[in-house]
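Peer 1: Chains as they are written, first to last, in our numbering: chain A, 19 to 245; chain B, 19 to 245. The beta carbon of each residue, even a glycine, is placed where N, CA and C say it ideally should be. On a predicted model such as this, the values are computed, not experimentally measured, just so you know.
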DNA sequence: CGCTGGCGTCTACGGTGTAGACTACGCCGT
DNA sequence: ACGGCGTAGTCTACACCGTAGACGCCAGCG
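In structure tokens form, the structure reads like this:
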């Protein structure tokens, strides 16, 4: 009875950003993203809504954190020597997460999610592609079309494609943020050189995936039963 | 000066559902979907927010109507004899609409859109596939993967996959709603017979598209420059 | 002892969707 | 002509949302 302000039974473990984010994911899991309000989340944690603002800059920041948690749940398979099997496992693992949190797609889409978890995921995809012998250009397209298939939106997880003319300090910050992600760095450099790819044209990415699908269907037309 | 209630300069053309929906699309085009509120929409039309409720059951109904308008904007190419080119044109036309209304993807995803415009679009896709010689099973998969590529979400436009055991009258209503859409009817029948496809398993659809992509990438690995 | 800084609370403001009562007006049968 | 009626738009009110700003409480420290 040393610490005790009143009839409190438990000293109420203090909030933390992580606790807030975990409770937010839990709340969204039960009631969908529209049930995730600051007030309900505070109630869930036995706390006033405004208390959350000590640990989270606001609802936007909360959603950013939640997105990072979700992407962090994607388990990465051990890098095997079969690139196709590895990519498939990666995609299926990501899909498992999206099925577990059906509301997450929307959150991931409307907030960019360029946190370390997203970068690590992209790095894994690019690494697998590179180990499989793909050129950087094809790997870039493949990253887009795979992420689009898995997450359901076309603008990839990272790659908000900042201003057209990056200032030197912005470019330096970019390089610093990408330390530890060699494939992404290489890709970013290759894209910003813009010799080969022309700044990641959305139309080109769309057509790439579309033609992949149409050509695949074409091959299935003759042999309909072996897929 | 026959009709004139006061200092009115114009007799204020009366609202209508169509006028409300068009204004809603316009408002969302300018400010995104979060700018589309009943109050702002009323203001846009020079009218109290509650007036909209005479023409629209509520915000849900408004969004349903907006979704229908958007899908209706997709132009259908003349049915040529090249199924692949026709499908490509269809996909590109749909994408044009989605680029014109960047907020529409979200609306289409969260509301099902099983209106006549969506049905007509699906019918066109299925018709093209059937004319191209696809079996109904492959056409079904193809519909899923194409719509997923175009609209960005995996659950297709139509096909909310109602209750597992449709009551007779519900099934009859379904048949009646699908009159005029022979390919969709055929597909629905084939699916509900559930001999071949097993009730449109989401996992199967996902794997279908994923393998299409992976196999396509595999072929691109050797010849990287001709896409 | 007083101060300070972190953490949680309280109040308040402007925004949202919408239920329900109310008003203004054209039409129609008598 | 007139009373009723349906239709269209308005007004008020309620519950909910995100969050700015002031306040209370308490541990730690000088």
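Here's a check: name, in chain order, each residue in its chain whose Cβ is nearer than 7 Å to the Cβ of residue 135(A), leaving out the five neighbours to either side.
Peer 2: As a first step, residue 135(A) must be located in the first chain, where it is residue number 117. Here the set comprises 86, 89, 90.
Peer 1: Please report how far the alpha carbon of residue 169(A) lies from the alpha carbon of residue 202(A), in whole angstroms.
Peer 2: Along the first chain, one-based indexing puts residue 169(A) at 151. Along the first chain, one-based indexing puts residue 202(A) at 184. The straight-line gap from Cα to Cα measures roughly 19 Å.
Peer 1: Just the chain A side, please: which residues come within less than 7 Å of residue 125(B) by C-beta, in chain order?
Peer 2: Mapped onto the second chain, residue 125(B) falls at position 107. Residues of chain A passing the Cβ test: none, with the nearest at roughly 12 Å.
Peer 1: Taking residue 129(B) as the query, report the chain A residues whose CB atoms sit under 7 Å from its CB, ordered along the chain.
Peer 2: For the purposes of this step, residue 129(B) is identified with residue 111 of the second chain, where counting begins at 1. Per Cβ cutoff of 7 Å: no residues; residue 129(B) is ~13 Å from chain A at best.
Peer 1: Given that a residue counts as buried once 16 or more other Cβ atoms are within 10 Å of its Cβ, and exposed if not, what is residue 34(B)?
Peer 2: As a position in the second chain, residue 34(B) is number 16, starting the count at 1. Counting Cβ neighbours within 10 Å, residue 34(B) comes out exposed, since fewer than 16 surround it.
Peer 1: Expressed to the nearest angstrom, what Euclidean distance is found between the alpha-carbon atoms of residue 209(B) and residue 83(A)?
Peer 2: Looking up residue 209(B) in the second chain gives position 191. Looking up residue 83(A) in the first chain gives position 65. If I take the Cα positions, the gap works out to 41 Å.
Peer 1: List the residues of chain B whose Cβ lies closer than 9 Å to the Cβ of residue 201(A), in chain order.
Peer 2: The count along the first chain starts at 1 and reaches residue 201(A) at position 183. Here the premise fails: no neighbours, minimum Cβ distance about 16 Å.
Peer 1: Just to confirm the assignment, what range does the alpha helix (DSSP H) spanning residue 92(A) have?
Peer 2: For the purposes of this step, residue 92(A) is identified with residue 74 of the first chain, where counting begins at 1. Premise fails: residue 92(A) is in no alpha helix (DSSP H) and is neither H nor E.
Peer 1: For chain A, is any of its Cβ atoms less than 7 Å away from the one on residue 235(B)?
Peer 2: Sequence index remark: in the second chain, residue 235(B) carries index 217 (1-based). By this cut-off, residue 235(B) is an interface position.
Peer 1: By a C-beta neighbour count over all protein chains shown, 10 Å radius and 16 as the cutoff for buried, is residue 117(A) buried or exposed?
Peer 2: Reading the first chain from its first residue, position 99 is the one you call residue 117(A). So residue 117(A) ends up on the exposed side.
Peer 1: Could you check whether the region 60-75 of chain A touches the region 98-112 of chain A, counting it as contact only if at least three pairs of C-beta atoms, one from each stretch, sit closer than 8 Å?
Peer 2: Contact fails: fewer than three Cβ-Cβ distances are below 8 Å.
Peer 1: Is the CB-CB distance between residue 70(B) and residue 38(B) below 7 Å?
Peer 2: Sequence index remark: in the second chain, residue 70(B) carries index 52 (1-based). Sequence index remark: in the second chain, residue 38(B) carries index 20 (1-based). Yes, they are a contact pair.
Peer 1: Output, in chain order, the set of chain A residues within a Cβ distance shorter than 7 Å of residue 164(B).
Peer 2: Translated into positions along the second chain, residue 164(B) becomes position 146. In chain order: 231.
Peer 1: Compare the C-alpha of residue 145(B) against each of 101(B), 228(B), 44(B) and name the closest.
Peer 2: Translated into the one-based positions of the second chain, residue 145(B) becomes position 127. With distances taken between Cα atoms, residue 145(B) lies closest to 101(B).
Peer 1: Using CA atoms only, rank isn't needed, just tell me which of 156(B), 130(B), 149(B), 123(B) is closest to residue 167(B).
Peer 2: Position 149 of the second chain, counted from the start, is the residue given in the question as residue 167(B). Answer by Cα proximity: 123(B).
Peer 1: Taking only beta-carbon atoms, is residue 50(B) less than 7 Å away from chain A?
Peer 2: Taking the first residue of the second chain as 1, we reach residue 50(B) at position 32. It does not; no Cβ of chain A falls within 7 Å.
Peer 1: Report yes if the C-beta distance between residue 10(A) and residue 54(A) is below 7 Å; otherwise report no.
Peer 2: Any question about residue 10(A) goes unanswered here, given that chain A covers just 19 to 245.
Peer 1: Consult DSSP for residue 74(A) and reduce its assignment to one of helix, strand or coil.
Peer 2: For the purposes of this step, residue 74(A) is taken as residue 56 along the first chain, with counting starting at 1. Correct three-state label for residue 74(A): coil.
Peer 1: I'd like to know if residue 118(A) contacts chain B, where contact means its C-beta is closer than 7 Å to some C-beta of that chain.
Peer 2: Residue numbering aside, residue 118(A) sits at position 100 when the first chain is read from its first letter. No, no contact with chain B.
Peer 1: Can you check whether the C-beta of residue 228(A) is within less than 7 Å of a C-beta belonging to chain B?
Peer 2: For the purposes of this step, residue 228(A) is taken as residue 210 along the first chain, with counting starting at 1. Closer than 7 Å: yes.
Peer 1: Expressed to the nearest angstrom, what Euclidean distance is found between the alpha-carbon atoms of residue 67(A) and residue 47(A)?
Peer 2: Locating residue 67(A) in the first chain gives position 49, counting from the first residue. Locating residue 47(A) in the first chain gives position 29, counting from the first residue. Spanning the two alpha carbons is a distance of roughly 19 Å.
Peer 1: Span of the alpha helix (DSSP H) holding residue 146(B)?
Peer 2: Position 128 of the second chain, counted from the start, is the residue given in the question as residue 146(B). From DSSP, the alpha helix (DSSP H) with residue 146(B) extends over 134-149.
Peer 1: Ignore the nearest five residues each way along the sequence and tell me which others in residue 95(A)'s own chain have a CB closer than 8 Å to its CB.
Peer 2: Here residue 95(A) is taken as the residue at index 77 of the first chain, counted from 1. Closer than 8 Å at Cβ, skipping near neighbours: 104, 107, 108, 111.
Peer 1: In whole angstroms, what is the alpha-carbon distance linking residue 126(B) and residue 228(A)?
Peer 2: Position 108 of the second chain, counting from 1, holds the residue named residue 126(B). Position 210 of the first chain, counting from 1, holds the residue named residue 228(A). Taking the straight line joining both Cα atoms gives about 20 Å.
Peer 1: Quick one: which chain B residues come within Cβ less than 7 Å of residue 113(A)?
Peer 2: Within the first chain, the letter at position 95 stands for residue 113(A). Here the neighbours are 224.
Peer 1: What are the uninterrupted segments assigned as alpha helix (DSSP H) that are 4 or more residues long and contained completely in the region 32-78 of chain A, given in chain order?
Peer 2: Segments of the alpha helix (DSSP H) lying fully in the region 32-78 of chain A: 35-49, 56-62.
Peer 1: Select from 49(B), 165(B), 163(B) the residue whose C-alpha is nearest the C-alpha of residue 119(B).
Peer 2: Position 101 of the second chain, counted from the start, is the residue given in the question as residue 119(B). When each option's Cα is compared against that of residue 119(B), the closest is 49(B).
Peer 1: What is the DSSP secondary structure of residue 229(A), reduced to helix, strand or coil?
Peer 2: Here residue 229(A) refers to the residue found at position 211 when the first chain is read from its first residue. Residue 229(A) falls in the helix class under three-state DSSP.
Peer 1: Taking Cβ-Cβ distances below 8 Å as the criterion, which residues of the region 66-79 of chain A are in contact with chain B?
Peer 2: Answer in chain order: no residues at all.
Peer 1: Quick one: does residue 167(A) have its CB under 7 Å from some CB of chain B?
Peer 2: As a position in the first chain, residue 167(A) is number 149, starting the count at 1. With 7 Å as the cut-off, residue 167(A) counts as an interface residue toward chain B.
Peer 1: Tell me which residues of the region 138-152 of chain B have at least one Cβ-Cβ distance to chain A shorter than 9 Å, keeping chain order.
Peer 2: Correct list: 147, 150, 151, 152.
Peer 1: Say whether chain B places a C-beta atom closer than 7 Å to the C-beta of residue 108(A).
Peer 2: Within the first chain, numbered from 1, the residue matching residue 108(A) stands at position 90. For residue 108(A), the answer is no, since every Cβ of chain B falls outside 7 Å of its Cβ.
Peer 1: Beta-carbon separation of residue 226(B) and residue 159(B) under 7 Å?
Peer 2: Numbered from its first residue, the second chain carries residue 226(B) at position 208. Numbered from its first residue, the second chain carries residue 159(B) at position 141. Result yes, Cβ atoms of residue 226(B) and residue 159(B) sit closer than 7 Å.
Peer 1: Round the Cβ separation of residue 232(A) and residue 163(A) to the nearest angstrom and send it over; I've been treating them as touching at under 8 Å.
Peer 2: Residue 232(A) sits at position 214 when you count from the first residue of the first chain. Residue 163(A) sits at position 145 when you count from the first residue of the first chain. Rounded, the Cβ-Cβ distance is 13 Å, inconsistent with contact.
Peer 1: Quick one: is residue 219(A) buried, meaning 16 or more other Cβ sit within 10 Å of its Cβ, or exposed?
Peer 2: For this step, residue 219(A) is matched to residue 201 along the first chain. Classification of residue 219(A): exposed, given that the 10 Å Cβ count is below 16.
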